[in-house]
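See below for the structure under consideration.
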Amino acid sequence: MGAKLLEGRPIALKIKEALKKEIELLKQNYKKTPYFVCIHVGENPASEAYCKAQIKAAEELGILYDLRRLPKETSQEVLIKYIEDLNKDNSVSGIIIQMPLPPQIDGKMISRFIKPEKDIEGLHPENIGNLIFGKKGVVPCTPAAAMELLESTGIDLYGKEAVVVGHSEIVGKPLVLLLLNRFVTTTVCHIATGERGALPEHVARAEVLIVAVGKPNLIKGEWVREDAIVIDIGINRVGDKIVGDVEFDKAAERAGWITPVPGGVGPLTVAMLMRNVVEAFKMQMTSESKQ
C-alpha cells in the first residue's frame, strides 16, 4: 500500500479534548450545561450504533443527552408537535432526528421544523443558507468530518480538482458548498453520471475524491488518480466485513492519502456533532444575554 492512512480517531480525540475544556468554561460562565435530545422513531440497527456513540461522547465531554424513543407508527404530525415542544424548552440546546425515518414521515423536510439555532445537524434551510454564503454556523456533521480529514493532510486545497460522488441532501450537497467556500474546483457525480458511463473519467481527474453513495466498491482502484486524496464516506456490510464505496486495496496503491473503512470518517462524525452542540449552546447563550 502506497497511500498514507487518513484515520479519523486521532483527530476526533484532539477535537474532543478541546471541547471538554471549552464546555467546562461555558458551564462556569453561564451556569448551564449544553443539552441535546435525539429523537429515534422506530428501530434500526445502524441508528442504534450511532445513538450509542452519541451517548458515549456526551458522557465523556460532560454534555447532557437524552434519547427519546417514539414508536414506528408515529405520524408526521405527532413528530412535528414533539419537535415544537422541544423548541420551546429553553433547557434544550440541540435536537437531532435519527435517520432513517419510517415511510410515513418525510425525512427530507422534517429538519425545517427544528429551530435553526437548535438544529445540530445543520440541515435546516436557514443553516444551509448560511453555508451557501460562507457564514459561520452549524455545519452538517459528515461533510464537516470530511473537511477535517482533508485539512489534516496539510495540503493546500486552493484551486484543486475535487470530485464528489453522491449528491444527497445530508452529505454530498453540503460538502460541495464547503469545498466551494475553500475555492476548490468541484465536480459532482450522481446516478446519471454512472448511467452515462462517465464516472471513471471524472474520478481519474480528481486530485481530491470524496465518495458517499452506499454501494460497496463502486469506485474501482484503477480509476483513482496517482497521489489523489481519497475520502470514502460509504459504509457497507459485505458478508462479515464492513467496506466502503471505494475498492480500498487497489486504490491505496495509487492514492497519496486514503481513509480506511471503518475508522476514517465515522469516528469524526460524532465529534463534529458534539462540536455542533457546543456551537448551538453558545449561540443561544449569546442571544439570551442580548435580550
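Oh and the sequence shown: position 30 is 14 in the numbering used here, straight run, nothing missing.
In this text, a Cβ means the ideal position worked out from N, Cα and C, and glycines have one as well.
With distances taken Cα to Cα, identify the nearest neighbour of residue i among the options.
i: I64; options: S75, I79 and L51; result: I79
i: Y34; options: R180, G26, T253 and L164; result: T253
i: Y19; options: I39, S31 and E27; result: I39
i: S271; options: T170, N74 and G118; result: N74
i: H108; options: E231, I154 and G228; result: I154
i: C22; options: L3, V76 and V62; result: V76
i: D103; options: V122, I242, D90 and K144; result: V122
i: T169; options: K157, A176, G156 and V147; result: V147
i: A(-4); options: E191, K16 and A41; result: A41
i: L(-13); options: M258, N260 and F232; result: Reading off the sequence, residue -13 comes out as Ala, not Leu. Cα-wise, what sits closest to A(-13) is F232.
i: G156; options: S95, I112 and P87; result: I112
i: N220; options: V195, Q268 and G106; result: V195
i: R259; options: E32, R(-7) and L45; result: L45
i: K99; options: P87, S31 and I81; result: I81
i: N165; options: K199, K119, M83 and V25; result: K119
i: E277; options: K72, V149 and L85; result: For the chain, the structure presents residues -15 to 275; residue 277 sits outside this window and is missing.
i: I94; options: G228, K199 and Q60; result: Q60
i: K72; options: R52, D90, E101 and P(-6); result: E101
i: P297; options: K0, H151, V62 and D229; result: For the chain, the structure presents residues -15 to 275; residue 297 sits outside this window and is missing.
i: I47; options: V160, K0, P29 and M83; result: K0
i: Y49; options: A30, T17 and T137; result: T17
Please report the Cβ distance between residue i and residue j, rounded to the nearest whole angstrom; I am assuming they are in contact, meaning their Cβ atoms lie under 8 Å.
i: V245; j: D216; result: 5 Å
i: I139; j: F97; result: At roughly 40 Å, the Cβ-Cβ gap does not stay under 8 Å, so I139 and F97 are not in contact.
i: L3; j: F265; result: Not a contact, Cβ separation roughly 11 Å.
i: I242; j: V197; result: With a Cβ gap of about 16 Å, I242 and V197 do not count as contacting.
i: G248; j: L(-10); result: 6 Å
i: E301; j: V262; result: It is not possible to answer for residue 301, since the shown part of the chain is limited to -15 through 275.
i: V149; j: C173; result: 5 Å
i: M131; j: L162; result: 5 Å
Apart from the five residues on each side of it in sequence, which residues of its chain come closer than 8 Å, Cβ to Cβ, to residue i?
i: E206; result: K234 and R238
i: K144; result: V168, T169, E191 and V192
i: P55; result: V25 and G26
i: A37; result: V254
Going along the chain, which residues of its own chain have a beta-carbon closer than 6 Å to the beta-carbon of residue i, five neighbours each way excluded?
i: M256; result: C125, A128 and A129
i: A250; result: The amino acid occupying residue 250 in the given sequence is Gly; Ala does not appear at that position. Correct list: empty, nothing qualifies.
i: T177; result: L183
i: D211; result: G240
i: M269; result: Y14
i: T58; result: V25
i: R53; result: H24
i: K204; result: E231
Based on the DSSP output, what are the partners of residue i in its beta bridges?
i: R(-7); result: Partner(s): none; R(-7) has no beta bridge.
i: L52; result: According to the sequence shown, residue 52 is Arg rather than Leu. Beta-bridge pairing links R52 to I23.
i: K225; result: V222
i: L193; result: V147 and V214
i: V172; result: V148
i: W241; result: K(-12) and I213
i: I203; result: V230
Could you tell me which whole beta strand (DSSP E) segments of length 3 or greater appear in the stretch 36 to 104?
48 to 54 and 78 to 81
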